[in-house]
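The UniProt record's numbering applies: residue 1 is where the sequence shown begins, and numbers increase by one.
Where is the CB? At the ideal position from N, CA and C, for every residue including glycine.
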Amino acid sequence: MSDPSGTDAQASVRTEKPANASSDRGTASRLRDEVRLSGRAWLFVAPVLIALTVVIGYPVLRALWMSFTYDDQLDETTGRFVDSGQGTFYNYLHWLVGQCQVITGGVTECPTGNLGSEFWGAVGVTLFFAVVTVSIEVAIGLGMAIVMGKTFKGRALLRAAVLIPWAIPTAVTARLWEFMFQYDGVVNTVFGTEILWTSDAWPARFAVIAADVWKTAPFVALLLLAGLQIIPDDVYEAARVDGASAWQRFTQITMPLLKPALLVAVLFRTMDALRMYDLPAIMTDNLPATRTLSVLVVEQTRQGPNSAAALSTITFLLIFAAAFVLVKILGANAVRTQEEQRKA
């Protein structure tokens, strides 16, 4: 007498094998399709990557090579510039510890007035402008974004109008504000003062900050407005029903949900502020009190391109470090906020 259970087991084994084989063939087919599509994608992306390598990669590598080469030195006995050869880390020490090369060989402390002695001062000015301008622009931009997010007559016109300062070229903005801050300009006339806004240290810094905030606060406002518009109205309505005040809705709903957009705004503006050049260079005519790292790079380029290449490399590393820290700090908070939203 045959065992029906054994027959059923053998039948199931026989029927499972073709199914597994079919599944394997389907997986292999999908893998082949993915490889084929990936190859086509790389075919389309390759020209762009090659162009980026030529346009970006070559200048970066060239700057690195130049940064390890001495600038030509003037031989006072012959009146000619002589090639000093490779300088290893001299150009970096020139900026970081204020060492200057002498034609007879060796190095000495850079004298006062030499650009090598002004590196850390330029770092301080750059960080000062970055912290102050970004803080003010985020505060003003957030207020502008909240106002533009309301429903009122003429809202579209207001949103278009705020783009005007941001759309004006920075060089033009610098010249306009320079005219306003002149001794006989609009600012002194309106306030009845006699301040040398573009010549004295702190007034010049204030003038640069005012011009930068006027130009870029609308850009921050548009970024934050995009973040505000994706917050559901139902969340605010539920908070009102629960009796939450306007301040509670702002601190417990708006700000937490706005963190991703806030990260983008702060990151973009910080990187831009650390590269500030046009406003201080044009408005204050390279005043030491407003000399940023970018201004210092341009000034050094006229005296020694290899040393300027080292300074530009240091500036790049500073901007990269600032961006990395911001992403680590604010980015982690933004991701944590999104995870809390999904759990809720």
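Range of the contiguous alpha helix (DSSP H) that encloses residue 348 = One cannot answer for residue 348 here, as it falls past the ends of the chain, which runs 1 to 344.
Own chain residues within Cβ distance below 6 Å of Leu228, not counting five before or after = Taking C-beta separations shorter than 6 Å and ignoring five residues to either side along the sequence, the partners of Leu228 in its chain run Ala145 and Gly149, following chain order.
Residues near Glu178 in its chain [Cβ-Cβ closer than 7 Å; skip 5 each side] = So the list reads Thr198, Ile282 and Met283, once near-sequence residues are dropped.
Taking Ile314 as the reference, give the member of Ala63, Asp242 and Val45 with the closest Cα.
-> Looking from the CA of Ile314, the closest CA among Ala63, Asp242 and Val45 belongs to Ala63.
Inter-residue CB distance, Val134 and Val266 (contact presumed, cutoff 8 Å) | Val134 to Val266, Cβ: 6 Å. Contact.
Option in Tyr58, Thr88 and Ser245 with minimal Cα separation from Asn306 | Considering only Tyr58, Thr88 and Ser245, the residue with the shortest C-alpha distance to Asn306 is Thr88.
From Arg291 to Leu258, what distance separates their C-alpha atoms?
-> Rounded to whole angstroms, Arg291 to Leu258 spans 34 Å at the Cα level.
Let me know the secondary structure DSSP gives Thr216 once reduced to three states.
-> Correct three-state label for Thr216: helix.
Of all the alpha helix (DSSP H) runs that stay within the bounds of the stretch 171-223, which reach a length of 4 or more residues?
-> Taken in chain order, the whole alpha helix (DSSP H) runs of length 4 or more contained in the stretch 171-223 are 186-191.
Which of the three DSSP states, helix, strand or coil, is assigned to Val162?
-> In the structure shown, Val162 adopts coil according to DSSP, grouped into three states.
Pick from Glu118, Glu137 and Trp120: whose alpha carbon is nearest that of Leu222?
-> Measuring from the Cα of Leu222, the nearest candidate turns out to be Glu137.
Burial state of Arg302, where buried means 16 or more other Cβ atoms lie within 10 Å = With fewer than 16 Cβ atoms within 10 Å of its Cβ, Arg302 is classed as exposed.
Kindly say whether Gly192, judged by its beta-carbon, lies nearer than 8 Å to any beta-carbon of chain B.
-> Among the protein chains of the structure shown there is no chain B, as only one such chain exists.
For Asp285, the first and last residue of its enclosing alpha helix (DSSP H) | Asp285 -> no alpha helix (DSSP H), and no H or E assigned at all.
Could you have a look at Arg62 and say whether DSSP puts it in helix, strand or coil?
-> DSSP, reduced to helix, strand and coil, places Arg62 within a helical segment of the structure shown.
Backbone secondary structure at Asp242 - three-state DSSP = The three-state reading of DSSP puts Asp242 in coil, since its state is none of H, G, I, E or B.
From Arg40, Ala161, Pro256 and Ala156, pick the residue whose C-alpha is nearest to that of Trp214; which is it?
-> Closest by alpha carbon: Ala161.
When you compare only the Cα positions, how much space is there between Ala174 and Pro165?
-> Their backbone Cα atoms lie some 11 Å apart in a straight line.
Sort Ala321, Leu311 and Ala204 by Cα distance to Trp120 and report the nearest one.
-> By alpha-carbon distance to Trp120, the top candidate from Ala321, Leu311 and Ala204 is Leu311.
Using alpha carbons as the reference points, say which of Thr193, Ala309 and Pro288 lies closest to Glu118.
-> It is Pro288.
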